[in-house]
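In order, the protein sequence lines correspond to chains A and B. Mapping to UniProt numbering: the first sequence position 331 is 331, numbers consecutive. Mapping to UniProt numbering: the second sequence position 426 is 426, numbers consecutive. Encoded as structure tokens, the structure appears first; notes follow it.
Number of protein chains: 2
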Amino acid sequence: MTTPLRLGIAGLGTVGVGVVKIVRQKANLLAERTGRPVVITAVSARSRDKDRGVNLSDYAWEDDPVALAKRDDVDVFVELMGGHDGPAKDATEAALAAGKDVVTANKAMLAHFGQELAIAAEDAGRVIRFEAAVAGGIPVIKALTEGLAGNQVSRVMGVMNGTCNYILTRMQDSGLPYEDVFQEASDLGYLEADPNLDVGGIDAGHKLALLSSIAFGTQVNFDGVELEGIQRISIEDIHQAAELGYKIKLLGVAQMTGRGLEQRMSPCLVPEDSPLGQLKGGTNMVVIEGDAVEQIVLRGPGAGEGPTASAVMGDVCDIARGFRLATFGAPAQGLQKAKVAQSNSPAPYYLHLTLEDKPGALAKIATVLGDNGVSIDRMRQTRHNNTNAPVLIVTHKTTRAALDLAVTAMKDTGVMVNDPVALRIETV
Amino acid sequence: MTTPLRLGIAGLGTVGVGVVKIVRQKANLLAERTGRPVVITAVSARSRDKDRGVNLSDYAWEDDPVALAKRDDVDVFVELMGGHDGPAKDATEAALAAGKDVVTANKAMLAHFGQELAIAAEDAGRVIRFEAAVAGGIPVIKALTEGLAGNQVSRVMGVMNGTCNYILTRMQDSGLPYEDVFQEASDLGYLEADPNLDVGGIDAGHKLALLSSIAFGTQVNFDGVELEGIQRISIEDIHQAAELGYKIKLLGVAQMTGRGLEQRMSPCLVPEDSPLGQLKGGTNMVVIEGDAVEQIVLRGPGAGEGPTASAVMGDVCDIARGFRLATFGAPAQGLQKAKVAQSNSPAPYYLHLTLEDKPGALAKIATVLGDNGVSIDRMRQTRHNNTNAPVLIVTHKTTRAALDLAVTAMKDTGVMVNDPVALRIETV
Numbered sequence: 001m002t003t004p005l006r007l008g009i010a011g012l013g014t015v016g017v018g019v020v021k022i023v024r025q026k027a028n029l030l031a032e033r034t035g036r037p038v039v040i041t042a043v044s045a046r047s048r049d050k051d052r053g054v055n056l057s058d059y060a061w062e063d064d065p066v067a068l069a070k071r072d073d074v075d076v077f078v079e080l081m082g083g084h085d086g087p088a089k090d091a092t093e094a095a096l097a098a099g100k101d102v103v104t105a106n107k108a109m110l111a112h113f114g115q116e117l118a119i120a121a122e123d124a125g126r127v128i129r130f131e132a133a134v135a136g137g138i139p140v141i142k143a144l145t146e147g148l149a150g151n152q153v154s155r156v157m158g159v160m161n162g163t164c165n166y167i168l169t170r171m172q173d174s175g176l177p178y179e180d181v182f183q184e185a186s187d188l189g190y191l192e193a194d195p196n197l198d199v200g201g202i203d204a205g206h207k208l209a210l211l212s213s214i215a216f217g218t219q220v221n222f223d224g225v226e227l228e229g230i231q232r233i234s235i236e237d238i239h240q241a242a243e244l245g246y247k248i249k250l251l252g253v254a255q256m257t258g259r260g261l262e263q264r265m266s267p268c269l270v271p272e273d274s275p276l277g278q279l280k281g282g283t284n285m286v287v288i289e290g291d292a293v294e295q296i297v298l299r300g301p302g303a304g305e306g307p308t309a310s311a312v313m314g315d316v317c318d319i320a321r322g323f324r325l326a327t328f329g330a331p332a333q334g335l336q337k338a339k340v341a342q343s344n345s346p347a348p349y350y351l352h353l354t355l356e357d358k359p360g361a362l363a364k365i366a367t368v369l370g371d372n373g374v375s376i377d378r379m380r381q382t383r384h385n386n387t388n389a390p391v392l393i394v395t396h397k398t399t400r401a402a403l404d405l406a407v408t409a410m411k412d413t414g415v416m417v418n419d420p421v422a423l424r425i426e427t428v
Numbered sequence: 001m002t003t004p005l006r007l008g009i010a011g012l013g014t015v016g017v018g019v020v021k022i023v024r025q026k027a028n029l030l031a032e033r034t035g036r037p038v039v040i041t042a043v044s045a046r047s048r049d050k051d052r053g054v055n056l057s058d059y060a061w062e063d064d065p066v067a068l069a070k071r072d073d074v075d076v077f078v079e080l081m082g083g084h085d086g087p088a089k090d091a092t093e094a095a096l097a098a099g100k101d102v103v104t105a106n107k108a109m110l111a112h113f114g115q116e117l118a119i120a121a122e123d124a125g126r127v128i129r130f131e132a133a134v135a136g137g138i139p140v141i142k143a144l145t146e147g148l149a150g151n152q153v154s155r156v157m158g159v160m161n162g163t164c165n166y167i168l169t170r171m172q173d174s175g176l177p178y179e180d181v182f183q184e185a186s187d188l189g190y191l192e193a194d195p196n197l198d199v200g201g202i203d204a205g206h207k208l209a210l211l212s213s214i215a216f217g218t219q220v221n222f223d224g225v226e227l228e229g230i231q232r233i234s235i236e237d238i239h240q241a242a243e244l245g246y247k248i249k250l251l252g253v254a255q256m257t258g259r260g261l262e263q264r265m266s267p268c269l270v271p272e273d274s275p276l277g278q279l280k281g282g283t284n285m286v287v288i289e290g291d292a293v294e295q296i297v298l299r300g301p302g303a304g305e306g307p308t309a310s311a312v313m314g315d316v317c318d319i320a321r322g323f324r325l326a327t328f329g330a331p332a333q334g335l336q337k338a339k340v341a342q343s344n345s346p347a348p349y350y351l352h353l354t355l356e357d358k359p360g361a362l363a364k365i366a367t368v369l370g371d372n373g374v375s376i377d378r379m380r381q382t383r384h385n386n387t388n389a390p391v392l393i394v395t396h397k398t399t400r401a402a403l404d405l406a407v408t409a410m411k412d413t414g415v416m417v418n419d420p421v422a423l424r425i426e427t428v
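In structure tokens:
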């Protein structure tokens with residue numbers, strides 16, 4: 001089999017350039033490993049004249065990614081433009097309709113339109129591969145769909161937004177407040193154009209929805225992800241959690257329960273000596289739990305030219321080798337919509353309250369918790385120098401529903417200075 | 001494609017039974033994921049009458065694994081007998097010759113005969129898959145050969161013998177000496193019939209040789225692995241390493257250098273706050289470093305019914321899906337013998353010496369080190385109550401060759417009570 005596999009690359013940002021470099025520099029290695037040459041025939045990007053540090057003169061240029069997607073000399077359309085709809089989606093659809101396989105790093109597009117694109121791929125007898133869309137260089141899609149194919153997966157968890165993990169780690173290390181570290185991250189260029197995609201948990205939520213679909217064999221459902229960002233995490237919460245033996249992480253958890261599929265992306269406390277607790281900076285981690293394999297932990301860089309291009313090339317090599325896998329690991333026509341379950345699996349919770357410093361305030365809160373069936377594991381009022389008293393409570397296992405009722409009732413006690421911070425303590 | 005994939009399983013120990021359970025219990029899931037039924041048609045083991053807790057009555061029985069391997073109603077020969085030659089190898093060869101694919105968990109057989117078996121598979125147009133042979137449930141072979149196919153790998157490291165890691169962790173936690181913990185492990189049934197396979201590093205060395213071949217595209221060469229077991233690690237070494245901020249692990253390292261391929265399996269010091277340093281008990285970990293992906297860390301159970309059966313089933317599902325990959329990731333005929341390099345990459349070393357407690361002893365040792373170009377980073381003589389003085393030295397980066405010369409010269413000083421313990425401090 002010496003027919004070359006011909007790539008058309010749309011999008012020549014960091015990742016696109018990384019892919020071009022690998023294809024150019026490792027032609028022999030790729031041919032040896034896949035049994036056929038892997039070549040680029042055409043590229044497309046917004047600006048033709050920009051110097052990207054790689055030689056593009058061998059490749060045909062298309063201003064329009066849709067035109068690129070349809071070219072006769074392209075076998076695989078590599079979509080690295082981004083954007084959940086618009087040109088990326090148009091070009092992906094055009095590529096499939098024209099009988100091309102698609103490799104993409106576009107988590108937003110697949111989180112929103114994964115099911116319809118998977119159907120389109122299936123109808124066209126083509127594949128969509130998206131290892132680069134989740135957890136950067138970590139081959140987690142492959143691990144879940146292939147390596148662990150003999151497992152019934154029970155839970156998938158992950159820290160999958162490097163920027164949020166950078167911010168939380170940096171707050172802990174520096175003692176600086178959220179706002180300062182957010183600004184640092186912004187100055188360093190770590191944030192998306194719309195920072196809410198990062199700190200609001202949306203980007204990580206996209207990734208969780210994709211992992212969920214694969215893990216549980218259900219239609220991707222981003223709307224079913226309960227999202228909570230890290231914007232309300234204070235340096236005090238980080239310090240208090242540390243004193244209790246925990247780290248705060250923006251953690252995605254998808255688990256199948258008797259009530260349906262729970263998907264949540266939210267700041268959680270995890271034990272500081274667990275693999276998730278030890279994760280620092282921009283590194284990503286995914287934890288997979290299956291009935292046979294027990295628990296697998298995968299750790300690696302979540303972004304960047306090399307790691308993301310590595311993931312794209314893994315997909316490209318699979319296609320070159322003739323490995324053809326349904327987009328979400330099983331035929332799209334057969335995927336069911338998961339019943340969405342409110343995230344209510346019991347867990348201990350961390351509560352950070354600010355009370356007016358007057359007699360009986362703490363008693364009122366304790367009573368409200370008890371009345372709502374939330375029992376207290378540990379409670380402490382920390383030192384303070386003003387009229388407000390910070391109170392920390394770790395509950396025994398409870399449901400989010402019971403906790404929310406208790407929190408609502410707390411607001412009627414007249415002793416709360418502001419809304420409490422309530423963070424799940426995830427068992428990992 | 002609804003033709004069933006028919007398995008013949010040779011070996012019904014823990015792993016074999018685990019595979020039978022998955023195939024029986026997850027028929028629908030496997031069919032959905034792979035697009036075809038996966039069934040067992042025949043089995044073979046030493047004793048037919050043993051109660052294994054699974055119903056085998058649906059399957060043909062063969063006393064002879066070679067006969068099983070040749071059966072017309074078997075598509076994939078699943079070799080779970082073990083033993084580096086003998087029946088396992090005979091049956092594997094018979095299966096390939098009869099046009100069957102092979103899935104095996106047999107690291108010893110592949111470490112010794114991997115190249116010739118890969119050639120036999122290639123000649124027969126068949127595949128050998130062996131995810132279960134390395135690091136139990138962790139899909140590391142898949143990650144290396146497929147997910148990271150776009151990378152030039154520079155180094156692969158791993159803790160791949162759960163028993164050794166259990167022993168070292170237990171020594172640290174309990175403060176018990178090696179001999180006691182070895183006996184505990186033996187009583188718990190953690191050790192191979194020949195314990196030297198575990199504590200001598202041979203089993204882990206087999207796994208390293210397989211990873212090496214895949215990572216660097218060379219012929220598997222177990223004889224090129226420098227082996228050193230954990231038998232000489234004392235509780236004092238573990239405590240001293242801990243005080244210096246390190247853990248002692250039986251660590252395999254394969255790296256390509258300008259001088260050739262270094263492969264070593266030996267007790268090393270790793271920083272206690274690194275993922276490797278934090279690994280406890282029977283868990284395995286593999287660290288892969290590639291030019292594009294930077295560093296990926298994979299962690300999971302290294303043995304046991306479920307995890308190992310999970311790895312076997314990952315391979316079976318790949319075959320059911322029609323994924324056909326060369327045994328070591330690239331055509332066997334094209335694999336070169338790696339130039340074997342003595343393990344000499346510079347590193348700091350930990351030295352534990354026992355000196356006669358007399359004036360000038362320490363000075364003699366320091367002089368010998370200096371004369372051989374080994375410079376001292378830290379040195380201390382620990383408290384002692386007898387006539388021998390324990391001395392700990394951490395060197396600056398040096399080569400093993402220089403260190404060995406220094407150690408040889410030390411023995412001529414007349415102040416050494418016994419052979420020093422010299423452990424590499426691996427940069428991870």
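We put the beta carbon where it would ideally sit given N, CA and C, even for glycine. These numbers come from a predicted model, not from an experiment.
Relative to the C-alpha of residue i, which candidate in the options has its C-alpha closest?
| i | options | result |
| --- | --- | --- |
| A:M313 | A:K26, A:T3, A:H352, A:G13 | A:K26 |
| A:S375 | A:A389, A:V394, A:P390, A:K364 | A:V394 |
| B:M171 | B:A241, B:K107, B:Q219, B:A209 | B:A241 |
| B:V153 | B:I238, B:A254, B:H112, B:I230 | B:A254 |
| A:E116 | A:Q336, A:T163, A:L353, A:V199 | A:Q336 |
| A:N28 | B:N151, B:Y59, B:R24, B:I9 | B:N151 |
| A:D90 | A:D75, A:V286, A:K70 | A:K70 |
| A:C164 | A:L423, A:L250, A:T427, A:G329 | A:L250 |
Look up residue i in the DSSP assignment and say whether it is helix, strand or coil.
| i | result |
| --- | --- |
| A:T399 | coil |
| B:G300 | strand |
| B:M157 | strand |
| B:R424 | strand |
| B:G175 | coil |
| A:P267 | strand |
| B:L335 | coil |
| A:Y190 | coil |
| A:I238 | helix |
| B:K247 | strand |
| A:P390 | strand |
| A:Q183 | helix |
Does the beta carbon of residue i come closer than 9 Å to any beta carbon on chain A?
| i | result |
| --- | --- |
| B:S212 | no |
| B:M313 | yes |
| B:E272 | no |
| B:V156 | no |
| B:F323 | yes |
Buried or exposed for residue i, please, with buried defined as at least 16 other CB atoms from any protein chain shown within 10 angstroms of its CB.
| i | result |
| --- | --- |
| B:T34 | buried |
| B:E262 | buried |
| A:A401 | exposed |
| A:S310 | buried |
| B:D123 | exposed |
| A:G360 | exposed |
| A:R264 | buried |
Strictly under 9 Å for the Cβ-Cβ distance: is residue i near chain B by that measure?
| i | result |
| --- | --- |
| A:R24 | no |
| A:R33 | yes |
| A:V15 | no |
| A:I138 | yes |
| A:E93 | no |
Whose Cβ in chain E lies nearer than 7 Å to the Cβ of residue i?
| i | result |
| --- | --- |
| A:E79 | The structure shown contains no chain E; the protein chains it does contain are A and B. |
Inside the region 59-123 of chain B only - beta strand (DSSP E) runs reaching at least 3 residues: 60-62, 76-79, 101-104
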